[in-house]
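Scroll down for the structure; my scribbles are underneath it.
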Amino acid sequence: MRSSLPRTHLAGLALALLAGACGRSSPRALAAPAQRIVSLAPSITELLFALGAGPQVVGRTVYCKYPPAALAVPSVGDGLNPSVEAIVARQPDLVVLYRSPHTEAASRQLQALGVTTLVLHHDRLEDIDTTARLLGEATGHADEGRAIARRIDSVLAAPAVPGPHARLVHVVWDNPPIVIGGGSYLDQLTKLSGADNAFHDIATPSATVSIETIAARDPDWIAVLRETSDTMPPDYAKRPEWRVVRAVREGRFLFLPADLFGQPSARAPEAVAYLRHLLDRSPLVVPVAR
Amino acid sequence: MKWIGMGAVLAIAMLVAVVLGPAHVPLSDLLDSPIVWDLRLPRALLALLVGGSLGMAGASLQSLVRNPLADPFLLGLSGGAGLGAVLAIALHLGGPWALPLAAFAGALVALALVFRLGLVGGAELDPRILLLGGVAVGAFTGAVTTAIVSLAEASELRNAYLWLWGGLSSASWATVRLIAVYVPIPLFVLLAAARPLDLLVLGDESARYLGAEVAATKRRVYLAASLLTAAAVSVSGVIGFVGLIVPHVGRGLVGVRHRALLPAAFLIGGTLLVLADTLARVAVAPRELPVGIVTALVGVPLFALLLRRWSAA
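Chains as they are written, first to last, in the working numbering: chain X, 1 to 290; chain R, 1001 to 1313.
Okay, here's the thing in structure tokens:
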């Protein structure tokens, strides 16, 4: 089935890549679904496995840890500063890169070596829709790609959760304090879960702010990404300057699993449900000892 | 008169720092708002102490190595502190004070290395070797830091770089107390060395003929200035340009005698950092700039202006 994919269809794909807002093809477009794919972003690796193209993935970055099956794929190093040599050594027929100045240069080098590349923006929920379709067609899993796109579309089109909304701040780092802004995928997940990101007004994905600003916006919850399942408040919760923030003082932390919330993912509906569950059931309040 | 002026400017700067901020606090609530008492006031005091320390460390080091380009961070301390901080994050050292302590320890190791290098010629610190050693140690620790950041998988390390640009977001009464207890000792050592520093500027030979204990003074001044810088960097990261520019402003205002220059450098450095931090907090609110960027943006044009005025005079 895969090998008999009509050529016209792929020509259409190549056109879509050239014209598409987020894609780019090499001079030599794919003549058949890619069988040896190197993925240079954790979110792309996850999406490829979600499409059922996992067995076709022959290279990943050191940061690609989800799904666990991805760990069996050899790593080609860092995705944002890629090693062209390590990638070519995997003899790929398709390399998918995350768009940045470094990766654009690597993409040109790979194309010069005759490897088809796809450079993608994959930052927001609506990007998953586009990339799922594109990667689905490029890997011979077009149906699965469309199915994922439909799931994402239905989450995006879901009616807004009626208020009142809990206000939360995603604290990414404590010194200097870095929070998630309106430009991030996490901001979208927050909104869809029926909560408000207290820093939605900042247009960039993340920003450095003062503790004073966090205190003044007085969020109900501090959301923290966690690699592990422990629910101990973060270390900074013991620092006096952070205790000016009410949510920190009262130990109102929401711990979000990093593999579910850390990257734009086809599991966005699960992430929304998880956060909604945390908010509805008012998770355990652990007061912080001074 | 000049001293009253400097004191008045500092007082105004402190007032502005406490009144202004990204959060709106009505003037009537100013005295009982936790944002003012627990965030703005300790932060302004920390800026004063850190800026003052950097200014005074810079003034003493420039005299010690007889080089107007000397800066507290040129001597390898920032590299050592950065390496310490990055190691603490990469090794997941826990506890609310892990980062400042690791940065302090890193700065001390760099200090010891550069100090030992400075003594290769004998018991007397050689200013040229101090400078070269500082730059070399700084480059080496910088390379190790970058290697850790690019090889380690902890995604938090990306944020460690932000800390290296400097910022006062860790300010609290606990931090202020810590620095306020620690800083007076090296400050006093430097002030006590004011007279021998005056002589040292004339050159080692002349200083010796005029009765200065050259070797002992150099070691004391180097250690005191470095320990001041290490403390500053452990709570606020690397805040550049204060230690470089402030001593020159001080010389323009009160002259080259260290008895006046060192206290002036403290006052000017403190004032500059209090103002720069206020700007960092409010200029792009609700976002915040790294204060090191503001000190450079404000300090460098000021410096250029002063250079022009002095060369014209």
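Ideal Cβ positions, reconstructed from N, Cα and C, are used throughout, including at glycine. Just so you know, these numbers come straight off a predicted model, no measurement behind them.
So, does the CB of residue i fall closer than 8 Å to a CB anywhere in chain X?
i	result
R/Ser-1169	yes
R/Ala-1296	no
R/Leu-1099	yes
R/Ile-1035	yes
R/Arg-1177	no
R/Glu-1288	yes
R/Ser-1234	no
R/Ser-1226	no
R/Asp-1032	no
R/Leu-1039	yes
R/Ser-1028	no
R/Ala-1276	no
R/Gly-1106	no
R/Ala-1013	no
R/Ala-1285	yes
What did DSSP end up calling residue i once you bin it into helix, strand or coil?
i	result
X/Phe-261	helix
R/Leu-1244	helix
X/Pro-27	Because the pLDDT at X/Pro-27 is just 36, under 50, the model does not fix this residue reliably, and the point stays unresolved.
R/Arg-1287	strand
X/Val-169	strand
X/Val-76	coil
X/Ala-273	helix
R/Leu-1117	helix
R/Leu-1030	helix
R/Pro-1068	coil
X/Arg-146	helix
X/Trp-242	helix
R/Val-1149	helix
R/Phe-1303	helix
R/Tyr-1222	helix
X/Gly-59	strand
X/Tyr-66	coil
R/Val-1137	helix
X/Ala-207	strand
X/Phe-49	helix
R/Arg-1257	coil
X/Pro-221	The residue you asked about is not Pro; residue 221 of chain X is Trp in the sequence shown. It is a strand residue.
X/Phe-199	coil
R/Ser-1236	helix
X/Arg-226	strand
X/Asp-174	strand
Going by Cα to Cα distance, which pick from the options is closest to residue i?
i	options	result
X/Trp-242	X/Ser-210, X/Glu-270, X/Arg-267 and X/Val-224	X/Ser-210
X/Arg-217	X/Leu-168, X/Tyr-236 and X/Gly-181	X/Leu-168
R/Gly-1079	R/Lys-1218, R/Ser-1234, R/Leu-1117 and R/Gly-1007	R/Ser-1234
R/Arg-1259	R/Asp-1032, R/Ser-1033 and R/Val-1189	R/Val-1189
R/Met-1006	R/Pro-1263, R/Leu-1083, R/Ala-1224 and R/Gly-1095	R/Pro-1263
X/His-170	X/Pro-162, X/Ile-180, X/Ser-193 and X/Val-161	X/Ile-180
R/Leu-1039	X/Val-245, X/Glu-144 and X/Pro-234	X/Val-245
X/Asp-235	R/Leu-1131, R/Ala-1088, R/Ala-1047 and R/Gly-1094	R/Gly-1094
X/Pro-33	X/Ile-87, X/Asp-93 and X/Asn-197	X/Asp-93
R/Leu-1048	R/Asp-1126, R/Ala-1180, R/Leu-1075 and R/Leu-1111	R/Ala-1180
Can you check whether the C-beta of residue i is within less than 8 Å of a C-beta belonging to chain R?
i	result
X/Leu-80	no
X/Asp-187	no
X/Asn-175	yes
X/Ile-202	yes
X/Asp-235	yes
Could you tell me if residue i is buried or exposed, where buried requires 16 or more neighbouring beta carbons within 10 angstroms of its beta carbon?
i	result
R/Leu-1291	In the sequence under discussion, the amino acid at residue 1291 of chain R is Val, which differs from the Leu named in the question. Result: buried.
X/Met-232	exposed
R/Gly-1211	exposed
R/Tyr-1209	exposed
R/Ile-1012	exposed
R/Ile-1185	exposed
X/Glu-62	Position check: residue 62 of chain X holds Val in this sequence, whereas Glu was assumed. Per the 10 Å Cβ criterion, exposed.
R/Ser-1311	exposed
X/Asn-175	buried
Measuring only between beta-carbons, confirm whether residue i sits less than 8 Å from chain C.
i	result
R/Gly-1292	Absent from the structure: chain C. Protein chains present are X and R.
Output, in sequence order along the chain, the residues in the segment 237–271 of chain X whose CB is closer than 7 Å to any CB in chain R.
Lys-238, Arg-239, Pro-240, Glu-241 and Val-244
Could you please tell me which residues of the segment 206–218 of chain X, in chain order, have their CB closer than 7 Å to any CB of chain R?
When C-beta distances to chain R are compared with 7 Å, the residues of the segment 206–218 of chain X below that value are Ala-207, Thr-208, Val-209, Ser-210, Ile-211, Glu-212, Thr-213, Ala-215 and Ala-216, in chain order.
At a Cβ cut of 8 Å, what residues of the segment 1137–1151 of chain R count as close to chain X, listed as they run along the chain?
Ser-1150
Cβ-based contacts, 8 Å cut-off: residues of the segment 33–44 of chain X near chain R:
none
Please name the residues in the segment 1068–1099 of chain R whose beta-carbon is closer than 9 Å to at least one beta-carbon of chain X, in chain order.
Gly-1094, Gly-1095, Pro-1096, Trp-1097, Ala-1098 and Leu-1099
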